[in-house]
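>
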Amino acid sequence: GEDVEQSLFLSVREGDSSVINCTYTDSSSTYLYWYKQEPGAGLQLLTYIFSNMDMKQDQRLTVLLNKKDKHLSLRIADTQTGDSAIYFCAETYSTLTFGKGTMLLVSP
Amino acid sequence: NAGVTQTPKFQVLKTGQSMTLQCAQDMNHNSMYWYRQDPGMGLRLIYYSASEGTTDKGEVPNGYNVSRLNKREFSLRLESAAPSQTSVYFCASSPGGEPTEAFFGQGTRLTVV
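So the sequences go chain by chain: L and S.
If you're matching positions, the first sequence starts at 155 in the working numbering and goes up one per residue.
If you're matching positions, the second sequence starts at 704 in the working numbering and goes up one per residue.
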């Protein structure tokens, strides 16, 4: 069965880089995703990576994929207080399957 | 465009009562989903509809029913609410195919007492 694991909490200072990690089990996932949830809101898609890629960069966001180890990471450069949110890793195993989410707290 | 609209935003039910959560999208998406979010459990899929006229069970379908009324609307029904169904419910839609760019509603916070 499918399973997506994430660490539950990360605290950083404003201006630092944040790295959120995820492991997944379904090696047949074509795409892997990062979603963001701000307080009181639904999830929004941040970025995704095709499984044949190792890295994808999108402005302050860098996604790294190690397919051999089934490890996905999201790096946020120059983290701002507005980046405080819950970040979900997801894979498509018949349907979109989410991890439990990592709460990122950015302090000034 | 409103995107994905869920109603109501908040609801309190007594055990045994029934209710329907409504969801509508205006993006002409083929696929629609219902998730529940509980502390420490992340998002779990209740039911989904890959296209108009089809529905399938997700990870936690017990106690729920769904109706894909048309391409825009996907409702979730609790026939006899239980305290274990206290949760935040999210509806989402996506165009279909991959990558799955899902768009979420604002959520319905349901409390069953």
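By construction, the Cβ of each residue, glycine as well, lies at the ideal position given by its N, Cα and C atoms.
#1: For the region 222 to 242 of chain L, list every residue whose C-beta sits within 8 Å of some C-beta in chain S, in sequence order.
#2: In whole angstroms, give me the CA-to-CA distance for Trp-737/S and Lys-224/L.
#3: Mind pulling the chain L residues with CB within less than 7 Å of Met-809/S?
#4: Should Arg-771/S go down as buried or exposed, given a rule of 16 or more other Cβ atoms within 10 Å for buried?
#5: Specify the secondary structure class of Asp-208/L as computed by DSSP and reduced to three states.
#6: Can you grab the Cα-Cα spacing for the pair Leu-197/L / Thr-718/S, in whole Å?
#7: Distance, Cα to Cα, Phe-777/S vs Gln-709/S?
#8: Please state the DSSP three-state secondary structure of Asp-759/S.
#9: At 3 residues or longer, and completely inside the region 712 to 785 of chain S: list those beta strand (DSSP E) runs for me, N to C.
#10: Roughly how many angstroms lie between the CA atoms of Gly-761/S and Leu-746/S, to the nearest whole one?
Reading from the atomic positions:
#1: Close to chain S, meaning a Cβ-Cβ distance shorter than 8 Å, are the following residues of the region 222 to 242 of chain L: Phe-242.
#2: Rounded to the nearest angstrom, the two C-alpha atoms are 27 Å apart.
#3: Note that residue 809/S is Gln in the sequence shown, not Met. Within 7 Å Cβ-Cβ: Ala-195 and Gly-196.
#4: In the assembly as shown, Arg-771/S is a buried residue. Its beta-carbon has 16 or more other beta-carbons within 10 Å.
#5: coil
#6: So the two alpha carbons sit approximately 29 Å from each other.
#7: 10 Å
#8: strand
#9: 713 to 716, 722 to 728, 734 to 741, 745 to 752, 767 to 771 and 777 to 781
#10: Going by the C-alpha atoms only, they are around 11 Å apart.
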